[in-house]
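Q: Mapping of the sequence shown onto the UniProt record's numbering: residues 1 to 283, in sequence order.
Backbone N, C-alpha and C define an ideal beta-carbon position, used for all residues, glycine too.
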Amino acid sequence: MTRKQKTEVAVFWSFRLMAAAVVGILAWILGFLIIKGAGVVSWEFFTEMPSDGMTSGGILSAIVGTLCLTVGSIIFAFPIGVMSGIYTTEYAPNNFVVKFIRVMTNNLSGIPSIIFGLFGMTLFVNTLGFGDSILAGSLTLGLLALPIVIRTTEEALKAIPDMYRNGSRALGATKLQTIRKVILPMAMPNIVTGLILAVGRVSGETAPILFTVAAYFLPSLPTSIFDQVMALPYHLYVLATSGTDLEASRPMAYGTALVLIIIVLIINISATLLRGYFGKKLK
């Protein structure tokens, strides 16, 4: 075996070991949570409200609150993010202003989430008068997800070869028709992937909702967008650090963490299925 072949084999096995390490770490985390939290997970755990200082009962109110915040943030972030990505890629000239916007978008995605929480509290809770509510929390999480949606939309549109745009325009289609009928359907799998990445991020955030919507203990379901809610990430934090009885609430914390991981896995699997669906539809 030559030196180049030995180097290639060594690099190949290094990559293989790195990939195995990533899978192993994920399996370790899942196994740890399953061992620690499976004992408390039951149908009642999903369908009952927390009780006895959150040391018993279920997490229904936290699950519903998390879903409300996630859906609300995506309703806000997805259309604005996709339209912004379309504008900067398809309409705006490639000048200093557009480059500056892209730099600011990248910087926005790197801002710590607690800063978004402080901003959301100042703007949505206090200035606009929404109070601690689903609306304020959803808008704050939407701002957090917006850079991800914009950047993934831009990259998805840039990946479409210009020959499709030119061919459509040569056949008499307008620019809007070209984008709506040709470009967006081809870019949709990658756009959906970006959307799911944004959902995965906002569903596990604690700091933004801590300032804008999360309730310490609220064993009831929301009735309007101006209600406070419990949420799985903050509920997990409360159970693990500041519960009334830490030893009694710790199994509930592991069970809550397991449910949160399951929700994230379901979201990622859904993204894979949607990507495959749009890919087959495109073919």
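1. Tell me which same chain residues have a C-beta within less than 8 Å of the C-beta of T70, skipping the five on either side of it?
2. Just to confirm, is the Cβ distance from G58 to M49 under 8 Å?
3. Does DSSP classify A253 as helix, strand or coil?
4. One question on the structure: do residue 289 and A207 come within less than 8 Å of each other, judged by their Cβ atoms?
5. Does the separation of the CB atoms of M121 and F211 fall below 8 Å?
6. Is it the case that the Cβ atoms of I261 and I196 are separated by a distance below 8 Å?
7. Beta carbon of T153, beta carbon of G72: below 8 Å?
8. What is the DSSP secondary structure of P50, counted as helix, strand or coil?
9. Who are the near neighbours of S109 in its chain, counting only those whose CB is closer than 8 Å to its CB and skipping five residues on each side?
10. Let me know if M104 comes out buried or exposed under the rule of 16 or more other beta-carbons within 10 Å of its beta-carbon.
11. Taking only the alpha-carbon atoms, compute the straight-line gap between S42 and I86 and give it to the nearest angstrom.
12. Rounding to the nearest angstrom, what Cα-Cα distance links I160 and F78 in this structure?
13. Measure from the alpha carbon of T47 to the alpha carbon of each residue in V259, A145, S270, then state which is nearest.
14. Can you tell me whether G137 is helix, strand or coil according to DSSP?
15. For the alpha helix (DSSP H) that contains V199, what are its first and last residues?
16. Identify which residue in A136, A257, M83 has its Cα closest to the Cα of I29.
17. To the nearest angstrom, how far is the alpha carbon of N117 from that of A10?
18. Check whether the Cβ atoms of M54 and V238 sit closer than 8 Å, and answer yes or no.
19. For the alpha helix (DSSP H) containing P79, list its first residue and its last residue.
20. Pull up the distance between the alpha-carbon of I183 and that of L273, whole angstroms please.
21. Once the 5 residues before and after P93 are set aside, which same chain residues still bring their CB inside 7 Å of it?
22. Can you give the Cα-Cα distance for F100 and W13, rounded to whole angstroms?
23. Applying the 10 Å Cβ sphere with the 16-neighbour rule, what's the burial state of G255?
24. Beta carbon of A136, beta carbon of F119: below 8 Å?
A: According to the structure shown:
1. Correct list, in chain order: L141, V199, V202, S203.
2. yes
3. Helix, per DSSP.
4. Given that the chain is displayed from residue 1 to residue 283, the structure contains no residue 289 and the question cannot be resolved.
5. yes
6. no
7. no
8. P50 carries a strand assignment under DSSP once its states are collapsed to helix, strand and coil.
9. P147, I148, R151
10. Exposed, by the Cβ-count rule.
11. 45 Å
12. 20 Å
13. V259
14. helix
15. Here the alpha helix (DSSP H) through V199 covers 184 to 203.
16. A257
17. Here the sequence assigns Gly to residue 117, which means Asn is not the residue at that position. Spanning the two alpha carbons is a distance of roughly 46 Å.
18. yes
19. 60 to 86
20. 21 Å
21. none
22. Rounded to whole angstroms, F100 to W13 spans 42 Å at the Cα level.
23. buried
24. no
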